[in-house]
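In terms of this note's numbering, the sequence shown is residues 163 to 1047. Here the structure is laid out as structure tokens; the discussion comes afterwards.
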Amino acid sequence: MADNKFVYFFGNEETEGKNSMKDLLGGKGANLAEMANLGIPVPPGFTITTEVCLLYLEKGVYPEEVIDQINNAVIKLEKVTGKKFGDTENPLLISVRSGARVSMPGMMDTVLNLGLNDDTVIGLSKKTGNDRFAYDSYRRFLTMFGDVVLDIEHEKFESALSAKKKTLGVIQDTELDASALKELAEQFKEIIRKETGTDFPQEPRKQLQMAIDAVFNSWNNQRAITYRRLNNIPGKWGTAVNVQSMVYGNMGETSGTGVAFTRDPATGDKRFFGEYLMNAQGEDVVAGIRTPEPISTLKDNLPEAYARLEAIYHKLEDHFRDMQDIEFTIEEGKLFMLQTRTGKRTAAAALKIAVDMVNEGLIDKRTAVTRVSPEQIDRLLHPTLDSQAEFEVLATGLPASPGAAVGKVVFTAEHAEEMAKANEKVILVRTETSPEDIGGMDAAQGILTVRGGMTSHAAVVARGMGKPCVAGCGSVTIDMASCAFSVSDVTINEGDYVTIDGSTGSLILGEVELVTPGVSGELDTLLSWADEIREMGVRTNADTPHDAQVARDFGAEGIGLCRTEHMFFGEDRIPAVREMILAEDTEVRKAALDKLLPMQKEDFIGLFKVMDGLPVTIRLLDPPLHEFLPKHEELADKLRSLEAEKGSDSEIERIKKIMERVDSMVEVNPMLGHRGCRLGITYPEIYEMQVRAIIEAACELKAGGMDIVPEIMIPLVSHVNELRSTKEDLVEVAESVMAEKNCKFDYLVGTMIELPRAALTADKIAEEAEFFSFGTNDLTQTTFGFSRDDAGKFLPVYIENSILPSDPFAVLDQEGVGELVKIGIEKGRSTRPDIKIGICGEHGGEPSSVKFGYNIGLNYVSCSPFRVPIARLAAAQAVIEKQDN
Ligand code: PEP
Ligand code: MG
163 MADNKFVYFF GNEETEGKNS MKDLLGGKGA NLAEMANLGI PVPPGFTITT
213 EVCLLYLEKG VYPEEVIDQI NNAVIKLEKV TGKKFGDTEN PLLISVRSGA
263 RVSMPGMMDT VLNLGLNDDT VIGLSKKTGN DRFAYDSYRR FLTMFGDVVL
313 DIEHEKFESA LSAKKKTLGV IQDTELDASA LKELAEQFKE IIRKETGTDF
363 PQEPRKQLQM AIDAVFNSWN NQRAITYRRL NNIPGKWGTA VNVQSMVYGN
413 MGETSGTGVA FTRDPATGDK RFFGEYLMNA QGEDVVAGIR TPEPISTLKD
463 NLPEAYARLE AIYHKLEDHF RDMQDIEFTI EEGKLFMLQT RTGKRTAAAA
513 LKIAVDMVNE GLIDKRTAVT RVSPEQIDRL LHPTLDSQAE FEVLATGLPA
563 SPGAAVGKVV FTAEHAEEMA KANEKVILVR TETSPEDIGG MDAAQGILTV
613 RGGMTSHAAV VARGMGKPCV AGCGSVTIDM ASCAFSVSDV TINEGDYVTI
663 DGSTGSLILG EVELVTPGVS GELDTLLSWA DEIREMGVRT NADTPHDAQV
713 ARDFGAEGIG LCRTEHMFFG EDRIPAVREM ILAEDTEVRK AALDKLLPMQ
763 KEDFIGLFKV MDGLPVTIRL LDPPLHEFLP KHEELADKLR SLEAEKGSDS
813 EIERIKKIME RVDSMVEVNP MLGHRGCRLG ITYPEIYEMQ VRAIIEAACE
863 LKAGGMDIVP EIMIPLVSHV NELRSTKEDL VEVAESVMAE KNCKFDYLVG
913 TMIELPRAAL TADKIAEEAE FFSFGTNDLT QTTFGFSRDD AGKFLPVYIE
963 NSILPSDPFA VLDQEGVGEL VKIGIEKGRS TRPDIKIGIC GEHGGEPSSV
1013 KFGYNIGLNY VSCSPFRVPI ARLAAAQAVI EKQDN
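As structure tokens, this is what we get:
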């Protein structure tokens, strides 16, 4: 509380604040001071600091000095303006507005024309020679004071105003003459008396005090609290109060008021953009009572004021070096600036403005990289709902993969594929997806699941494909028998249109207009600047050459995770995979694996080729084997129909055998069951086949001159012995394949760190592992003890009740899971200082998690292809933020 200074004057050469004082003066107060410092005409006034807000809200009273400082500031204001507060000849009128550190549009309260009462209104009328203007100001003040300070429903005043217009047969407020407005003022005072039980306070100093109290109290009104929660604004910031002498845009036909942006906030185009109203006050523009005119016409209406405005907006942009959102008032031809702030803009505009401003020499590349958020990049890469469209959200699930999609509802992957072949757009609706649904997911515009979290199969695969997905939409009930789903009492049949928004998790009935953003060359430019700054590598999670190519085009520097299980589901492979699983002895299993070998080898050749010498991490098979087998119910159906149709005994026997095997493989907790390296240990021939395929693929490409260092990754290791034993086998296979092929090259064997025990014993694991990749999906699951697939049932409630700040499967829990990652890195490097460490869980493409990863010393992040640009930008911003702190 430096010097116990609570009130800062602005508006002339004695201005006490500046724009670096936003924490104390709020954004509006600091920028008003800065404009005054720049010699830009600002109606004089003073700012009461955010510290006062906090003291007042805590204690309910003001420190003694505050009242004195406010009184002195009013006296100074009287001196500077030559008017007097409460005077009946030349009254000083003021506005009282909130102004937090960051702008919270419309969230808190404003009172204009304060200081008017039954006497000063006469003074105002005499001084201006404008009776109508004086009473117009008075009735506006009574409305605002009644609404904001006295908490009377705005509607009460509005209906009296409408009734008056109706009686007089007029439409516009501006058509009301002085006597009508005078009568209205009387009616408004009566409303106040009736609603509060006391008279409207005539004493201006009392009005001022009450208005200041109201603005401070508005910091804690419900809509401000909600806005803060949604925008991560801490409650302890408080708001400042700006008390400013009034200027009038409603003084006649040479007066007006407007809002404008120094560049187009939708496209980023360099053109002055805004609107204004003649003979009006600020709230008329904002409230949309009258239709404002485009700013370009001001040039003809008031050319001199327009020229001054043009000069000022250039000056402001040059000074703040960013697009500004300004408010101005013209009082009888004289221009005043009421506000300037950094303008909010669309993602496309943010990108264009950042790149243009570097080209114009206004900012440097480093600054440009901070001007676009990774979330905005995300929006630029996916279609979104048209912001003009009107729709009702039927149900909400998890925002599992961004972007919006429209299509006809289908319930099976096969149907999705059929419809897509017939050029129909479909949304695949499933209880949950399984790897068998891949084809249908690929064919669909978007995916909706009833169950499953942010790292469920649907979410992971959809993100990989860059397809919108809403997961875990629990209020949807699918009835396969009638080919329909329902949400409460609404039924949606197969073939009906729905729209999903994977950025918000919304399910909407019918077709909503979509907007497809164009990815411009500016994105490449900005990301190339980000690449110059970032220190951490960005790889991709990809298991097909197509996805790998998409990721490379987005700037991926290698593959950090190839989930080989996704390769086992191809139509041409599944019979051999099933044969392999159902095999009763090793020989039969090996024979089945031999069939898969050439296909796997081709898979790896495809990936290596696309990556053309960049690192490729191939993870050996991870999921439980039963995922590759048909479901019990499907088999039971088949058996029933075979028996009914008197099918062959051998076929019936075969199906029964499969059923037995399927049943024997059922696990209570498959996520914690027979998967990962546990599979490799119990069925070593599976990993042997995969390693042979990797090494053979590399040998073949090496022979063609390509430089490849394959990275073989073992999943779900918890004890170093698991890795040691698996690695021994693998190395033997790799060496023997190289000897066979007469080819020698380096390869790495590393591991996923995705179980707490692995992180805690990473020093021991690093004795064997040549690299680590943190599987933060499983690590989150096992650290919290939350099932990846079922957490959707309770996590939304956790987040709504602030038990957790966000879904830990989407945003890394830095305090818990992050601590394990930190421990894992430290311990790993204590054994093997140069060990390469990355992260390949879904957090690898989430901005805050990427930044955290940089700060704890990761070498790279790996994420789905469409998140590569996001990770590149976030990684660069992490460097800048670290340097700036
Ligand atoms: C992980 O667990 O974070 C991971 C990348 O592996 P998966 O999602 O395939 O289990
Ligand atoms: Mg995992």
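A virtual CB, placed ideally from N, CA and C, is assigned to each residue, including glycine.
Practice problem: Under 7 Å Cβ to Cβ from Gly-179, same chain only, skipping five residues before and after it: list those, please. | Solution: The residues are Tyr-170, Phe-172, Leu-187, Gly-191, Ala-192, Ala-195, Thr-209.
**Asked** Considering only C-alpha positions, which residue in the set Thr-617, Ser-260, Glu-930, Leu-917 is nearest to Leu-982?
**Response** Residue Leu-917 is the option with its Cα nearest to Leu-982.
Can you give me the C-alpha to C-alpha distance between Val-531 and Ser-265, rounded to a whole angstrom? Taking the straight line joining both Cα atoms gives about 22 Å.
Proximity test, Glu-741 beta-carbon vs the ligand PEP heavy atom, cut-off 8 Å = No; taking the cut-off as 8 Å, the Cβ of Glu-741 has no heavy atom of the ligand PEP nearer than that.
Report the three-state DSSP secondary structure of Ala-621 (helix, strand or coil).
It is helical.
Legend entry - Residue range of the alpha helix (DSSP H) that includes Lys-128: With the chain running from 163 to 1047 in the structure shown, residue 128 is simply not present.
For the beta strand (DSSP E) that Gly-244 lies in, which residues bound it at each end? Annotation: Gly-244 is outside any beta strand (DSSP E) and is labelled neither H nor E by DSSP.
**Message:** I need the straight-line Cα distance from Phe-948 to Ile-987, nearest angstrom please.
**Reply:** In this structure, the CA atom of Phe-948 is about 24 Å from the CA atom of Ile-987.
Could you compute how far the alpha carbon of Val-660 sits from the alpha carbon of Met-868? Computed Cα separation, rounded: 48 Å.
Would you give the residue range spanned by the alpha helix (DSSP H) that Asp-487 belongs to?
Segment 486 to 493 is the beta strand (DSSP E) holding Asp-487; no alpha helix (DSSP H) there.
Can Gly-601 be considered in contact with the ligand PEP, in the sense that its beta carbon sits closer than 8 Å to one or more heavy atoms? Not so, every heavy atom of the ligand PEP lies at least 8 Å from the Cβ.
Span separating the alpha-carbon of Gly-954 from that of Val-632
Taking the straight line from one Cα to the other gives about 11 Å.
Beta bridge counterpart(s) of Ser-668 as assigned by DSSP: In the DSSP assignment, Ser-668 is bridged to Thr-558, Asp-663.
Candidates His-481, Met-440, Asp-480, Leu-478: which alpha carbon is nearest Lys-461's?
Just measuring C-alpha positions, the residue of His-481, Met-440, Asp-480, Leu-478 sitting nearest Lys-461 is Met-440.
- Message: Quick check on the burial criterion: 16 or more other C-beta atoms within 10 angstroms. Buried or exposed for Arg-433?
- Response: Classification of Arg-433: exposed, given that the 10 Å Cβ count is below 16.
Item to check | Cβ neighbour criterion (16 or more within 10 Å) applied to Glu-929 | outcome: Exposed, by the Cβ-count rule.
Beta-carbon spacing of Ala-859, Lys-763 below 9 Å: In contact: Ala-859 and Lys-763 (Cβ atoms closer than 9 Å).
Cβ-heavy atom distance between Cys-156 and the ligand PEP below 8 Å?
The structure shown does not extend to residue 156, since the chain is modelled only from 163 to 1047, so the question has no answer here.
If you count every other CB in all the chains shown that lies within 10 Å of the CB of Thr-844, and 16 or more means buried, which is it?
Under this definition Thr-844 is an exposed residue.
Practice task
Under 6 Å Cβ to Cβ from Leu-957, same chain only, skipping five residues before and after it: list those, please.
Solution key: So the qualifying residues of the chain are Asp-969.
Report task. Could you have a look at Glu-873 and say whether DSSP puts it in helix, strand or coil? Result -> It is a strand residue.
- Task: Pick out whichever of Leu-791, Glu-673, Lys-477 has its Cα sitting closest to the Cα of Glu-552.
- Result: Closest option to Glu-552, Cα to Cα, is Glu-673.
Q. Out of curiosity, what's the CA-to-CA distance linking Arg-886 and His-794?
A. The alpha-carbon atoms of Arg-886 and His-794 are separated by roughly 36 Å.
Original post:
Which residue's Cα is closest to the Cα of Ala-1040: Thr-748, Pro-1031, Val-1012?
Top reply: When each option's Cα is compared against that of Ala-1040, the closest is Val-1012.
Of the listed residues Leu-878, Met-197, Pro-225, nearest to Phe-168 (C-alpha basis): Of the candidates Leu-878, Met-197, Pro-225, the one whose C-alpha sits nearest the C-alpha of Phe-168 is Pro-225.
Could you compute how far the alpha carbon of Ser-260 sits from the alpha carbon of Gly-444? The straight-line gap from Cα to Cα measures roughly 15 Å.
Check your understanding: For Ile-1042, which of helix, strand or coil comes out of DSSP?
Key -> Ile-1042 falls in the helix class under three-state DSSP.
Original post:
Which one or two residues does DSSP pair with Tyr-1022 in a beta bridge?
Top reply: Answer by DSSP bridge pairing, in chain order: Gly-699, Gly-1000.
| Three-state secondary structure assigned by DSSP to Thr-888 | Of the three classes helix, strand and coil, the one that applies to Thr-888 here is helix, per DSSP.
Which term fits Pro-1027, buried or exposed, when burial requires 16 or more other beta carbons within 10 angstroms of its beta carbon?
-> Residue burial is scored here from C-beta neighbours: Pro-1027 has at least 16 other C-beta atoms within 10 angstroms and is therefore classed as buried.
What is the rounded straight-line gap between the Cα of Met-773 and the Cα of Glu-719?
Spanning the two alpha carbons is a distance of roughly 8 Å.
So does Asp-940 have its beta carbon nearer than 8 Å to some heavy atom of the ligand PEP? The beta carbon of Asp-940 sits closer than 8 Å to at least one heavy atom of the ligand PEP.
- Query: Cβ atoms of Ala-402 and Asp-271: under 9 Å apart, would you say?
  - Reply: No, the pair does not count as a contact, with Cβ atoms beyond the cut-off.
message = Is Glu-694 close to the ligand MG? I mean its beta-carbon at under 8 Å from any heavy atom of the ligand.
response = Not so, every heavy atom of the ligand MG lies at least 8 Å from the Cβ.
message: Using a Cβ-based criterion (distance less than 8 Å to any ligand heavy atom), does Gly-683 qualify as near the ligand MG?
response: Distances from the CB of Gly-683 to the heavy atoms of the ligand MG are all 8 Å or more.
Problem - Arg-503 - containing beta strand (DSSP E), residue span - result: Run containing Arg-503: 496 to 504, per the beta strand (DSSP E) assignment.
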